[in-house]
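Peer 1: Sequence positions in the sequence shown follow the numbering used here and run 608 to 806.
Each residue gets a CB set at the ideal place from its N, CA and C atoms; glycine is no exception.
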Amino acid sequence: MLQILLKAIVDRLQRSLDDDIYIPLYPKEIIAIGSSRISSNNSTVIATEFFFRQYWTCVKLLSNITSWSQILSLKTILDLSIDGLLNRYILIALKNMDLTSNEMITRCLLLAKCFPIKQWLDNNNTILNDQLKDATLPALENFCLFLKQLAQEYSTQFFSANEKDKKMYKENIRQIRTIFVHLHALDHALELTNEYEIK
């Protein structure tokens, strides 16, 4: 009976992935113009609003999936949440957004909070801790690579920025380090600290 219930849960989550999830791929320029609200083209604004609505639908489903971590197997959770959502839809959407916008680091922080890494490590101690040491789950490496790209973008923008934006970029890089620590990507956190001399 329990197995039937668990299978029904997994099937329902999979159905949500297959039937309810769609993020349109618009050029970065369209999303930037639509986000700024300076466009006189109403269809651009509407398209951008739809894009972000679909993005947040993905993040909400991601949070819903990982909330089953105490009940479903880790493999099932990783397959659905990371392979099925994060890598397939969410990261592609993030790469189409303005990396230096004020909202980007907030999006990444909220995304990282969807993953109960400590719970996963505690519940799968013998399987994971010996394998990972200072690294995150292999499935999350694509997210980590995106975060490193984001830090590099902040660093590039830093030199031509005004003082206010320089402080923001520095703080954003610190926030990326916080995300790495949350994801148990301690190797990336250390590398970031050394490369950008974060205190």
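Looking at C-alpha atoms only, which residue of L757, A796, L612 and L685 is the closest neighbour of L744?
Peer 2: Taking the sequence shown and counting its residues from 1, the one referred to as residue 744 is at position 137. Here the closest residue by C-alpha is L685.
Peer 1: Taking buried to mean at least 16 other C-beta atoms within 10 Å of its own C-beta, is Y629 buried or exposed?
Peer 2: Counting from 1 along the sequence shown, the entry for residue 629 is found at position 22. It counts as exposed.
Peer 1: Smallest Cα separation from D626: which of V788, I640, F750 and T664?
Peer 2: In the sequence shown, counting from the first residue as 1, residue 626 sits at position 19. Of the listed residues, the one whose Cα sits closest to D626 is T664.
Peer 1: How should R784 be labelled, buried or exposed, when 16 other C-beta atoms within 10 angstroms of its C-beta is the threshold for buried?
Peer 2: Counted from its first residue, the sequence shown places residue 784 at position 177. Flag for R784 reads buried.
Peer 1: Would you say the region 701-720 touches the region 671-681, given that touching needs at least three Cβ pairs under 8 Å?
Peer 2: Judged by Cβ distances under 8 Å, the region 701-720 makes no contact with the region 671-681, as fewer than three pairs qualify.
Peer 1: Can you tell me the Cα-Cα spacing of M608 and N671, whole angstroms?
Peer 2: Within the sequence shown, numbered from 1, the residue matching residue 608 stands at position 1. Within the sequence shown, numbered from 1, the residue matching residue 671 stands at position 64. In a straight line, the C-alpha of M608 is about 23 Å away from that of N671.
Peer 1: Would you report the Cα separation of K579 and M775, rounded to the nearest angstrom?
Peer 2: Residue 579 cannot be examined here, being either before or after the span of the chain that is shown, 608 to 806.
Peer 1: Quick one, are the C-beta atoms of F657 and P631 less than 8 Å apart?
Peer 2: Translated into the one-based positions of the sequence shown, residue 657 becomes position 50. Translated into the one-based positions of the sequence shown, residue 631 becomes position 24. In contact: F657 and P631 (Cβ atoms closer than 8 Å).
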